[in-house]
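A.B. asks: Convert by adding 5 to the 1-based position in the sequence shown; the result is the number in my numbering. All residues carry an ideal CB built from backbone N, CA and C; glycine is no exception.
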Amino acid sequence: MARPVCLVSGSSSGIGAATVAEFAAHGYDIALNYNSGRERAETIAAQLRQTHGVEVITLAADLAQGEAPFELVDRTFAHFGRLDVAISNSGVSNLLKDEQGQVVRYRFHETPSDHLDREMERVLSVNLMGAYRLAQRSLKHMLDLAQAELQAGAQPLHRSILLITSISDVAPDSTRIPYGVSKAGVNHVVLGAAFEGGPYNITVNALRPGVVDTPMTSRLSGVKDEKSGRELTVAEVYNLMAQGGLQPIRRIGRPEDIARAAFCFTQLPYMTGQSIAVDGGFTLVSGFPNRDLFLQEALRRRQEGQA
Ligand SMILES: NC(=O)c1ccc[n+]([C@@H]2O[C@H](COP(=O)([O-])OP(=O)(O)OC[C@H]3O[C@@H](n4cnc5c(N)ncnc54)[C@H](OP(=O)(O)O)[C@@H]3O)[C@@H](O)[C@H]2O)c1
Numbered sequence: 006m007a008r009p010v011c012l013v014s015g016s017s018s019g020i021g022a023a024t025v026a027e028f029a030a031h032g033y034d035i036a037l038n039y040n041s042g043r044e045r046a047e048t049i050a051a052q053l054r055q056t057h058g059v060e061v062i063t064l065a066a067d068l069a070q071g072e073a074p075f076e077l078v079d080r081t082f083a084h085f086g087r088l089d090v091a092i093s094n095s096g097v098s099n100l101l102k103d104e105q106g107q108v109v110r111y112r113f114h115e116t117p118s119d120h121l122d123r124e125m126e127r128v129l130s131v132n133l134m135g136a137y138r139l140a141q142r143s144l145k146h147m148l149d150l151a152q153a154e155l156q157a158g159a160q161p162l163h164r165s166i167l168l169i170t171s172i173s174d175v176a177p178d179s180t181r182i183p184y185g186v187s188k189a190g191v192n193h194v195v196l197g198a199a200f201e202g203g204p205y206n207i208t209v210n211a212l213r214p215g216v217v218d219t220p221m222t223s224r225l226s227g228v229k230d231e232k233s234g235r236e237l238t239v240a241e242v243y244n245l246m247a248q249g250g251l252q253p254i255r256r257i258g259r260p261e262d263i264a265r266a267a268f269c270f271t272q273l274p275y276m277t278g279q280s281i282a283v284d285g286g287f288t289l290v291s292g293f294p295n296r297d298l299f300l301q302e303a304l305r306r307r308q309e310g311q312a
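(1) When burial is assigned at 16 or more other CB atoms within 10 Å of the CB, is K188 buried or exposed?
(2) Verify whether the separation of the beta carbon atoms of A66 and N38 is less than 7 Å.
(3) What does the Cβ neighbour count give for N244, buried or exposed, with the cut at 16 atoms within 10 Å?
(4) Could you tell me if the beta carbon of L68 falls within a distance shorter than 6 Å of some heavy atom in ligand 1?
(5) May I ask which residues mark the beginning and end of the alpha helix (DSSP H) holding E236?
(6) For R87, does the three-state DSSP call read helix, strand or coil?
(7) If distances are taken between C-alpha atoms only, which option among G158, T24, F28, Y33 comes closest to M6?
(8) Would DSSP call N210 helix, strand or coil?
(9) Which first and last residues belong to the alpha helix (DSSP H) in which V59 is found?
(10) Which residues mark the beginning and the end of the beta strand (DSSP E) in which L12 is found?
(11) How big is the Cα-Cα spacing for L156 and K145?
(12) Nearest-angstrom Cα distance between Y205 and L148?
(13) G202 to V90, Cα distance in whole Å?
(14) Leaving out five residues on either side along the sequence, give the residues of the same chain with a beta carbon under 6 Å from the beta carbon of A136.
(15) From A83 to R213, what does the alpha carbon distance come to, in whole angstroms?
(16) Buried or exposed: Y111, going by 16 or more other Cβ atoms within 10 Å of its Cβ?
(17) Within the present structure, is the beta-carbon of Q205 separated from the nearest heavy atom of ligand 1 by less than 6 Å?
(18) Is I49 near ligand 1, going by C-beta to nearest heavy atom under 6 Å?
(19) Given 6 Å as the limit, tell me if G15 has its C-beta closer than that to any heavy atom belonging to ligand 1.
(20) Once DSSP output is grouped into helix, strand and coil, what is the label at A157?
(21) Around the C-beta of N295, are 16 or more other C-beta atoms found within 10 angstroms, so that it is buried, or is it exposed?
(22) Residues in its own chain within less than 6 Å of T170 by CB, not counting five upstream and five downstream?
(23) State whether the region 268-280 contacts the region 219-235, with contact taken as three or more CB pairs (one from each stretch) at a distance under 8 Å.
(24) Output the distance between the C-alpha atoms of P183 and E115, rounded to the nearest integer angstrom.
(25) With respect to 6 Å, is the separation between the Cβ of N40 and the closest non-hydrogen atom of ligand 1 below this value?
(26) Can you give the Cα-Cα distance for G96 and Q70, rounded to whole angstroms?
What follows is the structure, given as structure tokens:
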């Protein structure tokens with residue numbers, strides 16, 4: 006029997022790279038998409054072929070370009086003749102750099118209009134429209150396959166679409182509102198697609214990662230390590246905060262944590278239309294366990310005459 010096929014956008018790095026490895030380990034043939042990381046993509050593909058003996062094709066596509074997500078799905082389907090799992094994972098943050106390569110951040114109410122336009126264009130074109138179109142075209146192919154199976158008198162196979170969004174859909178950061186807007190928008194895409202896919206055994210869900218150690222979080226944070234004098238990365242700062250109790254699981258995520266969850270979410274024929282966090286408990290931050298922390302801070306401020 007032919008192997009099942011999984012397409013993952015943005016699988017040349019981070020969470021996407023771990024996800025194609027997870028599916029290859031489970032015997033899936035892989036369509037591995039990259040944008041700028043051709044060499045990385047080819048290296049990952051070669052490793053997967055060698056380790057797991059599955060077929061891996063690499064497909065270039067800049068998902069910010071209107072037709073590119075449709076073509077990516079069409080090329081995958083044309084090559085393999087089937088599509089069992091489609092995962093929209095490509096993503097960028099809204100943070101832009103100046104001519105010196107420094108990240109430019111503005112608070113919500115101070116962001117100049119032209120800057121906001123550029124940030125929005127960046128995140129909406131890749132994170133929202135890229136994901137939207139990838140899900141649309143994947144669903145279309147999956148519906149065609151299911152209808153053909155029904156016409157042949159067979160039950161349609163379970164197929165699945167998964168959108169990698171973020172806990173930034175609800176967890177606010179005033180300099181990253183556009184990113185959160187794009188991810189919250191994708192959570193809504195899941196709802197319509199789930200209604201159309203359900204009758205044909207196609208499930209559609211979103212996975213909302215917390216902070217994960219990937220190239221996306223490897224940028225410098227502006228926070229210095231007092232011991233070494235070295236500037237810490239965003240991932241390192243969140244890892245320290247996790248150790249200090251920011252989240253119940255006292256470390257940030259690894260790409261493999263998300264990849265494993267992504268595999269599980271796509272194997273559940275009775276779960277659809279859901280947007281679920283895999284975040285070590287980050288989004289439980291305001292819970293009762295932190296009451297001592299907040300009480301101590303309030304008492305400290307009172308003592309200093311701040312409150
Ligand atoms: N890391 C975190 O803490 C975190 C938390 C929550 C959600 N997420 C989400 O998880 C997903 C993966 O992020 P990551 O952390 O693994 O980041 P990453 O290591 O920076 O990987 C991003 C991937 O997206 C691809 N990509 C970027 N722009 C693209 C475009 N225009 N067209 C097609 N592909 C494009 C990149 O391809 P090339 O490298 O080939 O250009 C790369 O494969 C993203 O959607 C991100 O928003 C991440």
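C.D. replies: Reading off the structure:
(1) Buried, by the Cβ-count rule.
(2) Yes, the Cβ-Cβ distance between A66 and N38 is below 7 Å.
(3) So N244 counts as buried.
(4) Checking every heavy atom of ligand 1 against the Cβ of L68, one is found closer than 6 Å.
(5) E236 -> not in any alpha helix (DSSP H); beta strand (DSSP E) instead, spanning 236-238.
(6) If DSSP states are grouped into helix, strand and coil, R87 belongs with coil.
(7) Residue Y33 holds the alpha-carbon nearest to the alpha-carbon of M6 among G158, T24, F28, Y33.
(8) Three-state result, N210: strand.
(9) Counting along the chain, V59 falls outside any alpha helix (DSSP H), and DSSP gives it neither H nor E.
(10) Element bounds for L12: 10-13.
(11) The amino acid occupying residue 156 in the given sequence is Gln; Leu does not appear at that position. Cα to Cα, the separation comes out at about 17 Å.
(12) Cα to Cα, the separation comes out at about 7 Å.
(13) A direct Cα-Cα distance of roughly 13 Å separates G202 from V90.
(14) Cβ within range, chain order: S93, L168, V191.
(15) Just so you know, the alpha carbons of A83 and R213 end up roughly 30 Å apart.
(16) So Y111 ends up on the exposed side.
(17) Here residue 205 turns out to be Tyr, not Gln, going by the sequence shown. No - ligand 1 has no heavy atom lying nearer than 6 Å to the Cβ of Y205.
(18) It does not: the Cβ of I49 is nowhere closer than 6 Å to a heavy atom of ligand 1.
(19) Indeed, a heavy atom of ligand 1 lies less than 6 Å from the Cβ.
(20) It is coil, neither helix nor strand.
(21) The residue in question, N295, is exposed, as its Cβ has fewer than 16 Cβ neighbours within 10 Å.
(22) Excluding five sequence positions before and after T170, the CB atoms of its chain that fall closer than 6 Å to its own CB belong to K188, V191, N192, A211, R213, given in chain order.
(23) Judged by pairs of C-beta atoms under 8 Å, the region 268-280 does not touch the region 219-235, as fewer than three such pairs exist.
(24) When rounded, the distance between both Cα atoms is 14 Å.
(25) For ligand 1, at least one heavy atom lies less than 6 Å from the Cβ of N40.
(26) Between G96 and Q70, the alpha-carbon positions lie close to 14 Å from each other.
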